[in-house]
Amino acid sequence: MTGSRYESLEMAIADPCFPEVDITLRRGRHFGSEDGALHQYLVDALEHLEPFYRRFGCELIYRSEGYFYLLPQGDRLGRRQLSPGEMLVGQTLALMYLDPEALRHSGSVPRETLLQRLEGLVGVEALVRILEPRRRRVDERIIAELIRKKVGEALRKLAELGFVDTLDGTRLRLRSALMRFADPVRGSEDTRAALSRLAAGGEIDLDDVDPDSDSDADPDEAGDDSKSEDEGAFDNDDDIPDDTPEGENEHEHENENEREHEHGTPEDEGKTSA
Numbered sequence: 357m358t359g360s361r362y363e364s365l366e367m368a369i370a371d372p373c374f375p376e377v378d379i380t381l382r383r384g385r386h387f388g389s390e391d392g393a394l395h396q397y398l399v400d401a402l403e404h405l406e407p408f409y410r411r412f413g414c415e416l417i418y419r420s421e422g423y424f425y426l427l428p429q430g431d432r433l434g435r436r437q438l439s440p441g442e443m444l445v446g447q448t449l450a451l452m453y454l455d456p457e458a459l460r461h462s463g464s465v466p467r468e469t470l471l472q473r474l475e476g477l478v479g480v481e482a483l484v485r486i487l488e489p490r491r492r493r494v495d496e497r498i499i500a501e502l503i504r505k506k507v508g509e510a511l512r513k514l515a516e517l518g519f520v521d522t523l524d525g526t527r528l529r530l531r532s533a534l535m536r537f538a539d540p541v542r543g544s545e546d547t548r549a550a551l552s553r554l555a556a557g558g559e560i561d562l563d564d565v566d567p568d569s570d571s572d573a574d575p576d577e578a579g580d581d582s583k584s585e586d587e588g589a590f591d592n593d594d595d596i597p598d599d600t601p602e603g604e605n606e607h608e609h610e611n612e613n614e615r616e617h618e619h620g621t622p623e624d625e626g627k628t629s630a
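As structure tokens, this is what we get:
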């Protein structure tokens, strides 16, 4: 890393790039060289921003692959985790990033290749269980459609976090931040082989899914219970920041209780709302 071109923290945060970088870092986004001026800003301001974020209980991390992200160290900034499906898609994209074929195409790969790699890693049946853990029975006629839908949702989340760019309906651009998914196997003699075993061999425990869940449950009604206990995207030390104000959900529950007290419960009315 080169020296800072900013003489002070005040100069660094006065830069027009700071607001966008700060907000999106707190939301869990990763910045790589693909981000142009915003990435260069972080390179130039790192010396001043590192102590700045420590005051908020976070570490501004710079990896050798050239990307930045914010790592919460305490509870002053909320945390969020990726679902098992998002984690598996991320690991598979990281494998593709390490493939020389992707390098030859400037990191651009077909979505179909991702789907094929996912099915090859874990098999179609296991893939459906990971992507949609509440479903116990899936009509074979809609399996392909379901996989595409859930992988598409995972890609949108990973794009928000700066791991991948969705170029159009058929292609993706892989970003350097995908190497964060390889953190557990850093230092391995063969990173690709180790990451492949990690993705295919048991980071996600499918038996953690609630066996009493409704096999025909609508995935849109599953809520938070649709995630397994082992849903962490990274280790506990590597959670993604969440800038949702603490206590917000508690206030929502308090307001609901007050409304029920004032107007009665659905049972009191003799019917439920639609």
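In terms of the numbering used here, the numbers along the sequence shown are unbroken and rise by one, the last being 630.
The beta carbon of each residue, even a glycine, is placed where N, CA and C say it ideally should be.
What's the gap between the Cα of residue i and the Cα of residue j?
{"i": "residue 593", "j": "residue 372", "result": "Because the pLDDT at residue 593 is just 45, under 50, the model does not fix this residue reliably, and the value given afterwards should be weighed accordingly. If you take the alpha carbons of residue 593 and residue 372, they lie about 31 Å apart."}
{"i": "residue 376", "j": "residue 486", "result": "34 Å"}
{"i": "residue 516", "j": "residue 383", "result": "9 Å"}
{"i": "residue 455", "j": "residue 422", "result": "18 Å"}
{"i": "residue 663", "j": "residue 389", "result": "Here the chain has residues from 357 to 630 only, and residue 663 is not among them."}
{"i": "residue 520", "j": "residue 545", "result": "26 Å"}
{"i": "residue 492", "j": "residue 481", "result": "10 Å"}
{"i": "residue 367", "j": "residue 435", "result": "29 Å"}
{"i": "residue 407", "j": "residue 397", "result": "16 Å"}
{"i": "residue 409", "j": "residue 548", "result": "33 Å"}
{"i": "residue 500", "j": "residue 524", "result": "20 Å"}
{"i": "residue 534", "j": "residue 490", "result": "27 Å"}
{"i": "residue 504", "j": "residue 370", "result": "43 Å"}
{"i": "residue 424", "j": "residue 541", "result": "19 Å"}
{"i": "residue 418", "j": "residue 496", "result": "45 Å"}
{"i": "residue 442", "j": "residue 539", "result": "16 Å"}
{"i": "residue 440", "j": "residue 430", "result": "24 Å"}
{"i": "residue 460", "j": "residue 479", "result": "28 Å"}
{"i": "residue 537", "j": "residue 498", "result": "30 Å"}
{"i": "residue 420", "j": "residue 557", "result": "27 Å"}
Quick check on the DSSP output: the alpha helix (DSSP H) that includes residue i runs from which residue to which?
{"i": "residue 369", "result": "365-370"}
{"i": "residue 362", "result": "Where residue 362 is concerned, there is no enclosing alpha helix (DSSP H), given that its DSSP letter is neither H nor E."}
{"i": "residue 457", "result": "456-460"}
{"i": "residue 382", "result": "374-382"}
Give the DSSP bridge partners of residue i, in chain order.
{"i": "residue 425", "result": "417"}
{"i": "residue 530", "result": "520"}
My output table needs one value for residue i: the three-state DSSP class, helix, strand or coil.
{"i": "residue 523", "result": "coil"}
{"i": "residue 387", "result": "strand"}
{"i": "residue 491", "result": "coil"}
{"i": "residue 481", "result": "helix"}
{"i": "residue 545", "result": "coil"}
{"i": "residue 431", "result": "coil"}
{"i": "residue 411", "result": "coil"}
{"i": "residue 557", "result": "coil"}
{"i": "residue 392", "result": "coil"}
What are the boundary residues of the beta strand (DSSP E) that includes residue i?
{"i": "residue 465", "result": "464-466"}
Skipping 5 residues on each side, what residues in its chain have a beta carbon closer than 7 Å to that of residue i?
{"i": "residue 502", "result": "484, 488 and 494"}
{"i": "residue 601", "result": "Its pLDDT being 45, under 50, residue 601 is placed unreliably in this model, and the coordinates cannot settle the point."}
{"i": "residue 522", "result": "511, 515 and 528"}
{"i": "residue 361", "result": "400"}
{"i": "residue 428", "result": "413, 414, 435, 595 and 597"}
{"i": "residue 530", "result": "449, 452, 453, 458, 463, 465 and 520"}
{"i": "residue 426", "result": "381, 382, 409, 414, 416 and 597"}
{"i": "residue 550", "result": "541 and 544"}
Skipping 5 residues on each side, what residues in its chain have a beta carbon closer than 8 Å to that of residue i?
{"i": "residue 527", "result": "464, 465, 466 and 467"}
{"i": "residue 552", "result": "451 and 477"}
{"i": "residue 394", "result": "373, 376, 377 and 387"}
{"i": "residue 300", "result": "Absent from the structure is residue 300, since the part of the chain shown begins at 357 and ends at 630."}
{"i": "residue 364", "result": "404"}
{"i": "residue 448", "result": "470, 473, 474, 477 and 555"}
{"i": "residue 385", "result": "425, 516, 517 and 518"}
{"i": "residue 391", "result": "518"}
With a threshold of 9 Å between beta carbons, is residue i in contact with chain C?
{"i": "residue 368", "result": "In the structure shown, chain C cannot be found, because there is only a single protein chain."}
Take residue i and list the residues in its own chain whose beta-carbon comes closer than 6 Å to its own, dropping the five residues that flank it on each side.
{"i": "residue 379", "result": "none"}
{"i": "residue 532", "result": "388, 421, 422 and 423"}
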